[in-house]
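My numbering runs 2 ahead of the 1-based position in the sequence shown.
Shown next, in structure tokens, is the structure this report addresses.
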Amino acid sequence: MKRIFIILFLFILNIANSVAAPQENVDEALKELDKYVKQIDDYVRQREDRINILRKKVANVNGDSERFTLYTELFGEYKSYKYDSAYVYARKSLDIADRLADTYKIMEAKQQIAFCYLSSGLFKEASDITGTMDMKNAPKDIKMDYYSLLARLYYDMADYGAGEFFSNDYIQKGVQYCDSAITYLPAESAEIWNIVGLKRMQQRNFPAAIDAFQTLLHLPGIDDHTYAIGTSCIGYMYSELGDTDKAIYYLAQAAIGDIKSATKEAVALQNLASILYENGDMSRANTYVRIAMEDANFYNARQRKMQISQILPIIEKERLSMVEKERNNLMIFAGIVSFLFLLLLGATVIIYKQVKRLKRARRTIYEQNKDLKAANVKMMEANEIKDEYIVQTLYGKSEYIERLETLYRTIDRKIVARQYDDIRSLLKESDLKKERENMYSSFDQTFLRLFPDFIEEYNSLFKPEDVIVFDINKGLTPELRIFALIRLGIYESERIAKFLDYSVNTINTYKTKVKNKSIIPNEQFEQRIMEIKTVRTSPH
């Protein structure tokens, strides 16, 4: 009753798993596998550590019986890890068993050797050595291993070493040996569900086989290697059923189990690479098949190498084709980028020239505007000076004419009256020097109204001890009048000399003397005088 309950529980669990299976996340499984791929060396190191411990024990043991046990343990470590070493320890076990004349140990050692032959694809040798074993009086555990080994032998012969006619015959024999093994296997053990699943899978009863392996996976305490075998078989069957996503998921889980158990005699990565190749994931397919080839070379079994050598060139050829295609695309892309770069470069040169031309045009406009503003300022100054001096000249001329008219009328009366002495007196009263002084005074007043800061700006061009102290009652000094006339635009010494009633040499002497006292270079002095602004001139 208890056994029926357990079977029923596991059956329900399998149904739940089959319902949940479509939700398996393929991408996450592959990402997890990629993470474990990076840790392969760590798990290999753990197995090597266990092997080294066993080797040290062998070196320190004396009895053959205990040595046989250690050799068997070393075979267990090597049988799915390194074929050559596994075969060496299987042979050593057989030598000790023969020396001990222990029938059961001889059977166990021969099974180990048969396993090595089988893993290497030496089916005849495996069949020959198993044919020398008499199971009549053998213990249950030896019979269990023996029939399981024969089942695998005939299944492998059906898969790899026979035509269609012999293949069906080998499968039937494999089924018979599975049934024989089941009679000796513990109920609800990992071994029995593994054999049941294998039998159903070879009979192509995939749904029932998947249920058996799912039951195996949910047994408590199964190791990574057993888990990898179960998930690898499930992945293979889903691949045969056309459910690619589930096939990828379970094969990825199997590959993780192989990595964690440091198993080199495995097919999960190889099968996964084939499916990913068909799906177009060339990067992962190439990575996985190369790891599978490295594992096969490390395990050094002929059969595994032959299996992988069939798919590796196909994936490698496709990968090279993709690389070539990517290279061609890259060349095209590089050509387009280069063309666009040249266009951009040409456009940049054109824009640069246009910007440069625009800057020159702006600079020209700016300079012209600046010159125009300066010209406007000068014109405004000239107009102000002209207006001021026209008014002043008209007013002065009017006064002068009025005085002349008065003088002429008086002289005319005196002539008529023959008062010649009075005429002489009138002429003496008319003082030309005073008239000139009045003219200078009028000039000074008019100029300082136009240039009220002239004295201050002029003095800023000299040292403190050389500045001119201006007396408004006395008017401008000759030096100031000379440079006042220059500021008004009268540069010629002849014209200045006539206005001031000096000789040209005197004017030049004054100019040289003033410039020599100045704190700025002589050639810049008159330019600085011209920069003195009128009262109404804008600073801009």
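The C-beta atom is built at its ideal place from N, Cα and C for all residues, glycine as well.
Values in this document were obtained by computation on a predicted structure and should not be read as measured data.
Going by C-alpha positions, Ile-492 is about 7 Å away from Ile-498.
Ser-121 is positioned such that its CB atom lies closer than 9 Å to that of Tyr-301. Per the coordinates, the alpha-carbon of Ser-495 lies some 22 Å from the alpha-carbon of Leu-450.
Between the region 123-138 and the region 167-174 there are fewer than three inter-stretch CB-CB distances shorter than 8 Å, so the stretches are not counted as touching. Excluding five sequence positions before and after Thr-233, the CB atoms of its chain that fall closer than 8 Å to its own CB belong to Phe-215, Leu-219, Tyr-252, Leu-253, Gln-255, Ala-256, Gly-259, Ala-270, given in chain order. In the DSSP annotation of this structure, the continuous segment of the alpha helix (DSSP H) that includes Asn-524 starts and ends at 524-532. Going by C-alpha positions, Leu-346 is about 48 Å away from Ile-250. Rounded to the nearest whole angstrom, the CA to CA distance from Leu-187 to Leu-56 is 29 Å.
By the Cβ criterion, the region 200-215 is in contact with the region 234-243, since at least three pairs of Cβ atoms, one from each stretch, lie closer than 8 Å. Ile-334 has its alpha-carbon roughly 58 Å from the corresponding atom of Pro-222. For Asn-196, the enclosing alpha helix (DSSP H) starts and ends at 192-204. When Cβ pairs closer than 8 Å are counted between the two stretches, the region 512-522 is seen to touch the region 446-465, the count reaching three or more.
Two segments are said to touch when three or more pairs of C-beta atoms, one from each, lie closer than 8 Å; by this definition the region 504-517 does not touch the region 442-458. By the CB criterion at 9 Å, Ser-150 and Ala-183 fall inside the cutoff. By the neighbour-count definition (other C-beta atoms within 10 Å, threshold 16), Tyr-179 is a buried residue.
The alpha-carbon of Glu-79 is positioned some 13 Å away from that of Asp-226. Across the set Arg-420, Ile-531, Ser-285, Ile-224, the C-alpha of Ile-531 shows the shortest separation from the C-alpha of Asp-455.
Under the three-state reduction of DSSP output, Phe-485 falls in the helix class. Every unbroken stretch of the alpha helix (DSSP H) spanning 4 or more residues and falling wholly within the region 199-275 is given here in chain order: 208-219, 226-243, 246-262.
Around Tyr-45, the same chain offers Ile-261, Lys-262, Ala-264 as residues with beta carbons nearer than 7 Å, after the five sequence neighbours per side are excluded. Ile-474 and Thr-412 have their C-alpha atoms spaced approximately 36 Å apart.
Going by C-alpha positions, Ala-336 is about 29 Å away from Asn-281. The C-beta distance from Tyr-172 to Ala-160 rounds to 4 Å, short enough to meet the 8 Å contact threshold. Residue state for Ser-505 is assigned as coil, using DSSP reduced to three classes. Here Phe-445 carries a helix assignment [DSSP, helix/strand/coil]. When Ile-417, Ile-194, Gly-477 are compared, the shortest CA-CA separation from Ser-444 is found for Gly-477. Proximity to Tyr-91 across Val-39, Phe-117, Asp-104 peaks at Phe-117, based on C-alpha coordinates. According to DSSP, residue pairing for Phe-464 in a beta bridge involves Ser-520. The region 30-50 and the region 61-71 do not touch, with fewer than 3 CB-CB distances between them shorter than 8 Å. Distances from the CA of Lys-142 to each of Glu-110, Cys-235, Arg-329 were compared; the closest alpha carbon is that of Glu-110. Residue state for Ser-150 is assigned as helix, using DSSP reduced to three classes.
Per DSSP, reduced to three states, the secondary structure at Ile-474 is coil, with no helix or strand assignment. Bounds of the alpha helix (DSSP H) holding Lys-58 are 42-62.
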